[in-house]
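Following this line, the structure appears as structure tokens:
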């Protein structure tokens, strides 16, 4: 055993190291997201994707082959900086042997289409149209691209009129973009409020590293279950079932998100997990009984499923849809910084709440997340609008009109879209003559 401290008849991972490993990963993502905004705005999305994968693959090796907790932390920190440059959040970011997976990001960077909005801003309309057609098919593809192009031109014209043509992070907090940025920040906070820090598989754990105590968990949820009194074998089984259920839930969310909308599935998922976390807190008061342990394990499975089909599936979509085209990369930088800042706080604090060497709350931590989930439900209801099947111009128009959150879903003004498109065409004509 390389890491671990005695706790009674067994060993535990100290809460300090759990918190530090988790926090350094988030800090690396935050730095990478900040660099990412400038890089992809200057050179395009493909370059940022490939360069991040190439450099990150080298740093992953440090975390894999070194048994020093400090140097492992450095490898984690640096690899997450460059992985974030890829904007590639998948299971490929796990520290697998030889870290060859990172090279896949390099190869993918050469084959994925470039951002159409980026190409339009660079004056490469034909390349932008070709890139758009690679991702969109059907008879409406050209019309949808025309809407995108009009929106980009319109936002550029507005920036010229305001005598501020630079697209910076500060612009995200001015005018109508301030409300959009607020929505982006709230959407990134939501997954922490509903308890993702406890159940997410990305949390650093014992089995992630070489020569650790193999009786410990593959993630924070499994480790938490063992600390409540569940056997290592059963906690591993529940964790594996939870991963499978989450994959199924994500697939279901493709339909429910399109059918019912982002706001709706986020509301009902936050409401359901509020009740489930409360029940886990109650069961935690009786975790010396085997039935209570079984209930906690099953309830965590249900929470994983509900969140994967609701908040966890919808928040990235809301974050992307809420930003304006001109400030897309800057808005997503704000999104990632907010995401990892909240993650850093929760992932550092949560191990102190349930670990045996600190607060040792066990299942009673459910009371805390029940209250936070209720707060998340209120934030969704008051702040997150429904932007399903809305075009870029429609979303811009509704934010400019300062519509209340609940009116986004049903608002419609006769012929307003054609009027907006005519206005964009006029602005584009004036812009071309001015140049």
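Numbering (this note's numbering), first residue to last: 399 to 833.
Cβ coordinates follow ideal geometry from the N, Cα and C atoms, glycine included.
Please name the residue, chosen from the options, that lies closest to residue i on a Cα-to-Cα basis.
i           : options               : result
residue 443 : 545, 529 and 418      : 529
residue 570 : 447, 726 and 752      : 726
residue 731 : 592, 766 and 430      : 430
residue 768 : 680, 446, 433 and 793 : 680
residue 661 : 787, 447 and 531      : 787
residue 738 : 750, 757, 809 and 595 : 595
residue 840 : 720, 712, 574 and 575 : Residue 840 lies beyond the residue range present for the chain, which begins at 399 and ends at 833; the question has no answer from this structure.
residue 839 : 808, 807 and 781      : Residue numbering for the chain in the displayed model covers 399 to 833; residue 839 lies beyond these limits and cannot be assessed.
residue 591 : 771, 784, 794 and 808 : 771
residue 653 : 513, 706 and 427      : 706
residue 446 : 513, 763, 677 and 637 : 513
residue 548 : 663, 794 and 509      : 794
residue 423 : 757, 759, 735 and 646 : 735
residue 702 : 756, 593, 760 and 740 : 593
residue 566 : 428, 433, 449 and 544 : 433
residue 448 : 719, 507, 742 and 576 : 507
residue 733 : 759, 756 and 584      : 584
residue 719 : 543, 792, 509 and 808 : 792
Just the Cα atoms here: how many angstroms apart are residue i and residue j?
i           : j           : result
residue 523 : residue 586 : 33 Å
residue 801 : residue 685 : 48 Å
residue 488 : residue 687 : Note that residue 488 scores 39 on pLDDT, short of 50, meaning its location in the model is unreliable and no value can be drawn from it.
residue 568 : residue 798 : 18 Å
residue 722 : residue 790 : 8 Å
residue 744 : residue 675 : 16 Å
residue 478 : residue 519 : Its pLDDT being 46, under 50, residue 478 is placed unreliably by the model, and the measurement read from it follows with that caveat. Those two C-alpha atoms are separated by around 29 Å.
residue 516 : residue 670 : 40 Å
residue 483 : residue 440 : Low per-residue confidence applies at residue 483: pLDDT is 48, beneath 50, and the placement is therefore not dependable, though the value from the model is reported in the following sentence. Spanning the two alpha carbons is a distance of roughly 13 Å.
residue 810 : residue 425 : 43 Å
residue 572 : residue 435 : 18 Å
residue 668 : residue 710 : 10 Å
residue 700 : residue 690 : 15 Å
residue 505 : residue 438 : 17 Å
residue 774 : residue 643 : 23 Å
residue 749 : residue 704 : 23 Å
residue 502 : residue 597 : 27 Å
residue 747 : residue 762 : 15 Å
residue 776 : residue 692 : 31 Å
residue 806 : residue 785 : 7 Å
residue 648 : residue 657 : 14 Å
residue 638 : residue 751 : 24 Å
residue 742 : residue 545 : 38 Å
residue 534 : residue 527 : 10 Å
residue 418 : residue 427 : 14 Å
residue 740 : residue 759 : 21 Å
residue 509 : residue 645 : 26 Å
residue 765 : residue 757 : 14 Å
residue 608 : residue 678 : Reliability fails at residue 608, whose pLDDT of 31 lies under 50, so the model's placement of it is uncertain and no value is given.
residue 576 : residue 451 : 32 Å
residue 708 : residue 551 : 34 Å
residue 511 : residue 783 : 30 Å
residue 543 : residue 808 : 24 Å
Can you tell me where the alpha helix (DSSP H) with residue i in it begins and where it stops?
i           : result
residue 743 : 726–752
residue 524 : 523–533
residue 672 : 660–682
residue 512 : Unbroken run through residue 512: none, as it is neither H nor E.
residue 802 : It is not in any alpha helix (DSSP H) - residue 802 carries neither H nor E in the DSSP assignment.
residue 723 : Run containing residue 723: none; DSSP gives neither H nor E here.
residue 565 : It is not in any alpha helix (DSSP H) - residue 565 carries neither H nor E in the DSSP assignment.
residue 768 : 763–781
residue 788 : Counting along the chain, residue 788 falls outside any alpha helix (DSSP H), and DSSP gives it neither H nor E.
residue 693 : 688–706
residue 574 : 574–591
residue 595 : 594–597
Roughly how far, in whole angstroms, is the beta-carbon of residue i from the beta-carbon of residue j, given that I think they are within contact range, below 8 Å?
i           : j           : result
residue 682 : residue 696 : With a Cβ gap of about 14 Å, residue 682 and residue 696 do not count as contacting.
residue 635 : residue 778 : Rounded, the Cβ-Cβ distance is 33 Å, inconsistent with contact.
residue 715 : residue 655 : 7 Å
residue 640 : residue 698 : 7 Å
residue 729 : residue 574 : No, residue 729 and residue 574 are not in contact; Cβ-Cβ is about 12 Å, not under 8 Å.
residue 553 : residue 724 : 4 Å
residue 651 : residue 663 : 7 Å
residue 531 : residue 541 : 12 Å between Cβ atoms; not a contact.
Any beta carbon of chain D sitting closer than 9 Å to that of residue i?
i           : result
residue 703 : In summary, chain D is missing from the structure at hand, where a single protein chain is found.
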